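Beneath this line is the structure, given in structure tokens, with notes to follow.
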Amino acid sequence: KLLTTREWTLSLSKAVTLILTQALTCCLTNALTILLMATLTLSLTKAFTLLLTQVITLLLSPVLTLLLTQELTFSLR
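As structure tokens, then:
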């Protein structure tokens, strides 16, 4: 059965919410770890760059995965 546009949008928004929650949790944990390390060893600039890179990677990978799976399930139906 084909998903209606509304159903598809709903499942997409649910998935996005889930991804954002996960990413935020991961980012917060990493941020704390990195900041702790920064105070011990690294300079703050290095820590910030590292943190930004991680945030971008964390946000991109699940979004790409989601888009791929959504596309696949959508085209398979």
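Numbers 21 to 97, taken from the numbering used here, label the letters of the sequence shown in order.
We put the beta carbon where it would ideally sit given N, CA and C, even for glycine.
Being a predicted model, the structure only gives us computed values, none of them experimental.
| Check | Outcome |
| --- | --- |
| Through-space distance from L38 to A67, alpha-carbon basis | 27 Å |
| Extent of the continuous alpha helix (DSSP H) run through S100 | Here the chain covers residues 21 to 97 and nothing more, so residue 100 does not appear. |
| Simplified DSSP assignment, three categories, for S63 | coil |
| For L44 and T53, the rounded distance between their alpha carbons | 14 Å |
| Beta-carbon spacing of L86, A51 below 7 Å | no |
| Heavy atom of the ligand ATP within 6 Å of L70 beta-carbon | Here there are no bound small molecules, and the ligand ATP is not part of this structure. |
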